[in-house]
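Step one of this worksheet: look at the structure below.
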Amino acid sequence: MNKTVLITGASSGIGAGCARKFASQGAHVILNARSTDKLESLAGELKSEYNADCIVVPFDVCDRKAAADALEALPAEWKSIDILINNAGLAVGVDKEHEGNIDEWDIVIDTNIKALLSMTRLIVPGMVERGCGHIINIGSIAGDAAYPGGSVYCATKAAVKALSDGLRIDLVDTPVRVTNIKPGLVETNFSVVRFRGDKERADNVYKGIKALTGDDIAEVAYFAASAPEHMQVAEILVMPTNQATGTIVSRK
Ligand code: 8X3
32 MNKTVLITGA
42 SSGIGAGCAR
52 KFASQGAHVI
62 LNARSTDKLE
72 SLAGELKSEY
82 NADCIVVPFD
92 VCDRKAAADA
102 LEALPAEWKS
112 IDILINNAGL
122 AVGVDKEHEG
132 NIDEWDIVID
142 TNIKALLSMT
152 RLIVPGMVER
162 GCGHIINIGS
172 IAGDAAYPGG
182 SVYCATKAAV
192 KALSDGLRID
202 LVDTPVRVTN
212 IKPGLVETNF
222 SVVRFRGDKE
232 RADNVYKGIK
242 ALTGDDIAEV
252 AYFAASAPEH
262 MQVAEILVMP
272 TNQATGTIVS
282 RK
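The opening position of the sequence shown corresponds to residue 32 in this note's numbering, with each subsequent residue numbered one higher.
Structure (structure tokens):
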């Protein structure tokens, strides 16, 4: 794949999985996350494993100015981004809506909705101008229906669906494609963050079920990205075989 891909939240989980998959297929990969160290280490791996062409652009996606400045400062040969993978996102806490922590909600809403929107706003005009591009948003099964303790997170992922659908409508007369990938249980650092660092509680989420991995979701993203140009994979809901909905899971 001779395309330039920018991945947010690339330092771990689904983002790192996407970085490995796209790099292994010859894409030019721009790695974004907050942690320079983690990005540098991943970039080193991609270079040694796949001889990948990749650069790191560390910034917090919630910081609009830092995002705009970093994109502006990209070397000329990296400026034409073909694929934007809006992956950065998180859940914090499992409180009831009427008992939740408003500051934590701000972080979740700012990252999952507002940062996704600002990255889209910064990068998509260039895609339209060049007549080529693909936005892959990492939504969630959580956006399809709310579940206990997930109220605000579920709302943000419902927003990702609405923003993906809206963008697809707005780009309908262009060659630019929009995909919303909605994963179910994926074993990453996600639950550790959701449970505010409680590793044991996080591990329980994936007990007794073969959960998906970041690499599995990367396969889905790559499938959408490598589909023929006339084919727009609009939405994919993907979950472990023993999961049926956001709340129905069979554990052995
Ligand atoms: C994360 C998946 O199942 O925790 O988006 O809602 S789940």
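Cβ atoms here follow ideal geometry from the backbone N, Cα and C, with glycine treated the same way.
Under the three-state DSSP convention, the category K110 falls into = coil
On the premise that G40 lies in contact with A74, defined as a C-beta separation below 8 Å, what is that separation, rounded to the nearest angstrom?
-> Incorrect: roughly 15 Å between the Cβ atoms, too far for contact.
Can you tell me whether A265 is buried or exposed, with buried defined as 16 or more other CB within 10 angstroms of its CB?
-> Residue environment: A265 is assigned as exposed (fewer than 16 neighbouring CB atoms within 10 Å of its CB, all protein chains considered).
Spatial distance of H165 from A50 (CA atoms) | 16 Å
Could you tell me which residues DSSP puts in a beta bridge with T205?
-> Note: T205 sits in no beta bridge, so no partner.
Going along the chain, which residues of its own chain have a beta-carbon closer than 8 Å to the beta-carbon of G157, five neighbours each way excluded?
-> K110, S111, I112 and G164
Taking C-alpha atoms, which residue in V209, S222 and D229 lies nearest to H44?
-> His is not the amino acid found at residue 44; the sequence shown has Gly there. Comparing Cα positions, the closest option is S222.
Could you give the distance in angstroms between the alpha-carbon of A252 and the alpha-carbon of V36?
-> Rounded to the nearest angstrom, the two C-alpha atoms are 11 Å apart.
Whole-angstrom Cβ separation of I240 and L202, contact assumed at under 8 Å?
-> Incorrect: roughly 37 Å between the Cβ atoms, too far for contact.
From the DSSP output, which residues share a beta bridge with N168?
-> N117 and N211
Is G239 near the ligand 8X3, judged by its Cβ being under 7 Å from some heavy atom?
-> no
Pull up the distance between the alpha-carbon of D137 and that of K283, whole angstroms please.
-> 37 Å
Can you grab the Cα-Cα spacing for the pair L62 / I167, in whole Å?
-> C-alpha separation (whole angstroms): 15 Å.
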